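Each residue of the sequence shown is one higher than the last, beginning at 251 in the numbering used here.
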Amino acid sequence: SRGERTIWSQLSGGRMVKVWFLAVAVAVDAKSIFEAMVEEGKSRSRHATWHAESETALNAHIALEYAAGYQYRALAAFANRDWVNLKGSAKAFEENAKEEFEHARELSEYQQKRGGLVELKALEAPVHEFAATTDKSDARVAWESALALEKRVYDSLLSVHAVCGRHADPNCEDTIEAYLEDQVSAIDKLARYVADLNRVGTDGHAVWEWDREVHE
């Protein structure tokens with residue numbers, strides 16, 4: 251019973267003493283204890299600092315990391331066509347794809363560590379064609395696309411960092427800052443590739459030499 255309970259105990263001397271105590275209303279069994287402590291379907295590790303806006307922003311960035319990896323796979327496939335034959339660029343693009351997918355995995359783990367819910371989105375088809383123009387080689391067009399992609403990832407990371415800052419979440423800010431540092435280096439590296447390709451122009455042999463020397 252949830253009301254008062256009576257226990258009769260026989261003490262030394264043969265007297266009977268009536269002992270009264272109040273039963274605890276909650277915790278009558280293990281199931282009710284669990285239900286009182288944890289709402290079903292909610293994380294036990296989530297802290298108030300992990301704001302819903304931060305959760306949403308991180309999920310959006312995770313989706314972008316997957317999309318970036320998908321686009322790099324398309325760039326690698328383009329560079330590896332037999333009539334394009336930029337073996338070095340194909341290898342570099344594939345390495346970048348793996349890196350983007352790994353970042354998506356790491357940030358998904360971080361989302362769950364903070365008690366958030368990972369919600370994946372459908373990926374749009376990537377761009378597949380990077381044909382040469384009158385003043386740009388196909389390699390330059392492809393690497394300019396990669397450079398723009400890295401800048402887009404950087405901008406997205408800045409957005410996540412800003413959201414975490416608004417909600418006074420230094421752990422999230424520190425986590426994102428590590429990725430920002432990597433992005434700064436990646437953008438600088440690709441910008442220099444594009445500068446090189448701008449110098450060599452549209453000469454097919456020069457582009458082939460650049461691709462071989464830089465990436466193989």
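Cβ coordinates follow ideal geometry from the N, Cα and C atoms, glycine included.
Keep in mind that this is a model prediction, so the values were computed, not measured.
Practice problem: For Tyr364, collect the residues of the same chain with a Cβ closer than 6 Å to its Cβ; drop the 5 residues on either side in sequence, then sort them by chain order. | Solution: Start at 1 with the first residue of the sequence shown, and residue 364 comes out as number 114. First, the residue type needs correcting, since residue 364 is Arg and not Tyr in the sequence shown. The answer, listed in chain order, is Trp300.
Quiz item: Which word fits Asn309, buried or exposed, when buried means at least 16 other C-beta atoms lie within 10 angstroms of its C-beta?
Solution: Position 59 of the sequence shown, counted from the first residue, corresponds to residue 309. Flag for Asn309 reads buried.
Exercise. Answer yes if the stretch 327-334 comes into contact with the stretch 442-451, meaning at least three C-beta pairs across the two stretches below 8 Å, and no otherwise.
Key: no
Quiz item: Just how far apart, CA to CA, sit Leu373 and Arg355?
Solution: By one-based count along the sequence shown, residue 373 stands at place 123. By one-based count along the sequence shown, residue 355 stands at place 105. Near 16 Å, if we compare the C-alpha coordinates of Arg355 and Leu373.
Self-check item: Straight-line Cα distance separating Leu336 from Arg462
Solution: On the sequence shown, residue 462 is found 212 positions in, with the first residue counted as 1. On the sequence shown, residue 336 is found 86 positions in, with the first residue counted as 1. Going from the Cα of Arg462 to the Cα of Leu336 covers about 8 Å.
Self-check item: alpha helix (DSSP H) segment containing Ala460, residue limits
Solution: Position 210 of the sequence shown, counted from the start, is the residue given in the question as residue 460. Residue identity differs from the one stated: residue 460 is Trp in this sequence, not Ala. It spans 454-465 - the alpha helix (DSSP H) in which Trp460 sits, taken as one unbroken run.
Quiz item: Cα-Cα, which of Ala436, Val464, Glu431 is closest to Asp446?
Solution: Mapped onto the sequence shown, residue 446 falls at position 196. When each option's Cα is compared against that of Asp446, the closest is Val464.
Self-check item: Ser435 classed as buried or exposed, judged by whether at least 16 other C-beta atoms fall within 10 angstroms
Solution: For the purposes of this step, residue 435 is taken as residue 185 along the sequence shown, with counting starting at 1. With fewer than 16 other Cβ atoms within 10 Å, it is exposed.
Exercise. Using only alpha-carbon positions, find the residue among Ser409, Glu345, Lys386 that is nearest to Ile312.
Key: Translated into the one-based positions of the sequence shown, residue 312 becomes position 62. Nearest C-alpha to Ile312: Ser409.
Quiz item: Just the Cα atoms here: how many angstroms apart are Thr306 and Ala318?
Solution: By one-based count along the sequence shown, residue 306 stands at place 56. By one-based count along the sequence shown, residue 318 stands at place 68. Answer to the nearest angstrom: the Cα atoms are 19 Å apart.
Quiz item: Which residue from Tyr322, Lys371, Glu344, Glu427 puts its Cα closest to that of Ala396?
Solution: Position 146 of the sequence shown, counting from 1, holds the residue named residue 396. That would be Tyr322, whose Cα lies nearest to the Cα of Ala396.
Practice problem: Take every Cβ of the stretch 374-390, pair it with every Cβ of the stretch 445-459, and state whether three or more of those distances are shorter than 8 Å. | Solution: yes
Self-check item: Inter-residue spacing [alpha-carbon to alpha-carbon] between Leu430 and Lys292
Solution: Along the sequence shown, one-based indexing puts residue 430 at 180. Along the sequence shown, one-based indexing puts residue 292 at 42. Cα-Cα distance, rounded: 31 Å.
Quiz item: CB-CB under 7 Å to Thr425, same chain, minus the five flanking residues each way: which ones, in chain order?
Solution: For the purposes of this step, residue 425 is taken as the residue at position 175 of the sequence shown. Tyr360, listed in sequence order.
Quiz item: Between His411 and Glu394, is the Cβ-Cβ spacing less than 7 Å?
Solution: The residue given as residue 411 occupies position 161 in the sequence shown. The residue given as residue 394 occupies position 144 in the sequence shown. No, they are not a contact pair.
Practice problem: Can you have a look at Glu379 and say buried or exposed, based on whether 16 or more other CB atoms are within 10 angstroms of its CB? | Solution: Within the sequence shown, numbered from 1, the residue matching residue 379 stands at position 129. With fewer than 16 Cβ atoms within 10 Å of its Cβ, Glu379 is classed as exposed.
Quiz item: Run through DSSP, which three-state label would Gly222 get?
Solution: Outside the shown range of the chain (251 to 466) lies residue 222, about which nothing can therefore be said.
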